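Notes follow once the structure below has been shown.
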Amino acid sequence: MSNLQLLRDLQGTLDNLRTIERDLSALPPDLATLDQKLKAVRKEKAEKSKLLESLRTKRETHAKDLAAADKAIAGIRSHLKEATQKVQYAALIREQEEHERAHNAAVRPMKEADAQIQQLELEVADLTARETAQAGEFAVLHEAFLAEHVNQVEARVTLRAKRAELEAAMAPADLVKFNKILEARQGRAVVAVDNGLCGGCRTRVRPVIASQLREGKLLLTCESCHRFLYLA
Ligand SMILES: [Zn+2]
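128 is the number of the first residue of the sequence shown in our numbering; add one for each residue after it.
Below, the structure written as structure tokens:
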């Protein structure tokens with residue numbers, strides 16, 4: 128098979144695949160509603176899980192501050208027992224008060240975080256249960272939908288295999304170029320020249336290109352839109 132023929136076949140295969148994908152993604156109303164609900168639940172769950180993660184991190188910081196303050200307080204207490212001079216004693220007390228302030232400053236936000244974490248964990252668990260139930264319901268209905276579209280499902284398998292086969296048969300450089308054009312040009316990388324005009328961008332093809340196209344020896348592209356060309 129010529130390089131051009133491979134490219135044309137690949138384009139045709141992709142066009143058919145796109146049509147099938149469109150049919151298979153056009154869900155009936157009940158399924159579409161369920162799909163939307165499921166997506167919304169998943170989004171909410173992701174947001175809450177993220178929030179939960181950040182709260183846990185914050186709680187961790189408060190817990191560390193608290194542990195550090197308590198450790199310092201315990202150290203000071205043992206020094207206090209040994210303190211013999213009044214000045215030394217007063218300094219230790221001041222230091223202890225400072226760490227007690229740090230202790231109190233950590234306790235409150237930590238307790239608040241604990242309460243929020245507990246609440247969020249319940250909410251996430253509830254969302255997970257809803258997600259599981261909805262996903263199960265969706266899977267059943269979707270399977271029925273696919274069973275009604277068994278021809279398209281089978282055609283999709285065949286077309287995907289054909290696509291892989293064609294891609295494997297093509298020169299890698301051609302495939303890279305094809306895919307680049309495909310992406311840049313709304314899914315159309317190979318077009319016919321009709322009445323001397325590029326079928327993609329309607330630019331007139333220069334006579335020298337037109338005559339090379341007739342010879343059919345070279346792989347040619349439109350000088351304006353860069354799509355691969357063939358003669359209609
Ligand atoms: Zn063009």
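Backbone N, C-alpha and C define an ideal beta-carbon position, used for all residues, glycine too.
Since we're looking at a predicted model, the values are computed, not measured.
DSSP on residue i, reduced to helix/strand/coil?
i	result
residue 359	coil
residue 219	helix
residue 133	helix
residue 233	helix
residue 184	helix
residue 324	strand
residue 140	helix
residue 319	strand
residue 255	helix
residue 146	helix
residue 309	helix
residue 155	coil
residue 263	helix
residue 202	helix
residue 276	coil
residue 242	helix
Could you tell me which of the options sits nearest to residue i, measuring between CA atoms?
i	options	result
residue 248	260, 299, 183	183
residue 328	335, 339, 351, 260	351
residue 314	222, 135, 142	142
residue 331	356, 343, 342	356
residue 144	286, 170, 321	286
residue 128	297, 190, 168	297
residue 199	325, 223, 177, 284	223
residue 186	243, 175, 166	243
residue 264	151, 150, 239, 159	159
residue 256	245, 139, 168	168
residue 238	317, 189, 165, 170	189
Measuring only the C-alpha atoms, how far is residue i from residue j?
i	j	result
residue 312	residue 258	38 Å
residue 161	residue 279	22 Å
residue 277	residue 136	24 Å
residue 337	residue 323	7 Å
residue 282	residue 290	12 Å
residue 133	residue 341	18 Å
residue 172	residue 294	40 Å
residue 211	residue 221	16 Å
residue 304	residue 347	12 Å
residue 269	residue 307	34 Å
residue 339	residue 153	43 Å
residue 273	residue 180	38 Å
residue 197	residue 254	38 Å
residue 227	residue 203	11 Å
residue 146	residue 284	14 Å
residue 177	residue 250	13 Å
residue 326	residue 344	20 Å
residue 194	residue 219	19 Å
Taking 8 Å as the cut-off, is the CB of residue i close to at least one heavy atom of ligand 1?
i	result
residue 317	no
residue 327	yes
residue 424	A query on residue 424 cannot be resolved here, the shown segment of the chain reaching from 128 to 359 and no further.
residue 129	no
residue 330	yes
residue 176	no
residue 181	no
residue 351	yes
In this structure, what does DSSP give as the bridge partners for residue i?
i	result
residue 331	324
residue 348	355
Check whether the Cβ of residue i sits closer than 8 Å to any heavy atom of ligand 3, and report yes or no.
i	result
residue 338	Ligand 3 is not part of the structure shown, which contains ligand 1 as its ligands.
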